[in-house]
């Protein structure tokens, strides 16, 4: 287990498995900014299975809790959106189209490289 602190936006990439060559990963990392100021608390595994909802008295579905926080931590702001879309497949329904703006990949189009 790596115990070095996360001190840059590229550091989380050192802690996750990569698909592709070392050269490709280095190329993608060159697009990242190196700033500690952008860290935020991230869940790390937002998906339908981890979002608990209930139907309220007005017949509206309301989020009651988010479970499975084992991958949570302070990561660069782009981290949540790249993690939640890593499992997007052709078998998914349309829930990805309704992501809140705060974690939408549209917030960080320049950081799509973080999903390597």
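Residue numbers (our numbering): 641 to 756. Backbone N, C-alpha and C define an ideal beta-carbon position, used for all residues, glycine too. Since we're looking at a predicted model, the values are computed, not measured.
Local Cβ density within 10 Å of residue i, reported as buried at 16 or more and exposed below that
i: residue 689; result: exposed
i: residue 718; result: buried
Cut-off 8 Å between Cβ atoms - residues of its own chain near residue i, not counting five sequence neighbours on either side
i: residue 743; result: 686, 720, 721 and 724
i: residue 694; result: 701, 702 and 704
i: residue 706; result: 683, 686, 690, 691 and 692
i: residue 735; result: 688
Own chain, CB closer than 6 Å to residue i, minus 5 neighbours either side, in chain order
i: residue 712; result: 683 and 684
i: residue 787; result: The displayed coordinates of the chain run from 641 to 756. Any statement about residue 787 would go beyond what the structure contains.
Segment limits, alpha helix (DSSP H) that includes residue i
i: residue 724; result: 719–724
Residue i - containing beta strand (DSSP E), residue span
i: residue 716; result: 713–716
i: residue 741; result: Where residue 741 is concerned, there is no enclosing beta strand (DSSP E), given that its DSSP letter is neither H nor E.
i: residue 681; result: 679–682
Nearest neighbour of residue i, chosen from the options [CA to CA]
i: residue 651; options: 734, 730 and 669; result: 669
i: residue 714; options: 708, 680, 706 and 661; result: 680
i: residue 645; options: 733, 737, 716 and 741; result: 716
Beta-ladder partner(s) of residue i, from DSSP
i: residue 701; result: 695
i: residue 706; result: 691
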